[in-house]
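Going by the numbering used here, the letters in the sequence shown line up with residues 465 to 511, in that order.
These notes are about the structure you will find just below.
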Amino acid sequence: MNARSEPAEAGPDAPARPPLVRELLLVAGLFLVYKFGRRLATGHTAE
């Protein structure tokens, strides 16, 4: 039985997380979708 007590290490070139610019663009895009959805919802319920 060969059980490892430590997780396997990732290669040195493997990024730990996505690049900062891509992460910020994702957050900004999701925020814009949220704001558009809220505006659309309030426009339809104000009748």
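Glycine is no exception: its CB is placed at the ideal position from the N, C-alpha and C atoms.
Nearest-angstrom Cα separation, counted from residue j out to residue i
| i | j | result |
| --- | --- | --- |
| Lys499 | Glu487 | 19 Å |
| Leu489 | Gly501 | 18 Å |
| Phe445 | Ser469 | Nothing in the structure corresponds to residue 445, since the chain is present only between 465 and 511. |
| Val491 | Leu504 | 20 Å |
| Gly507 | Gly493 | 21 Å |
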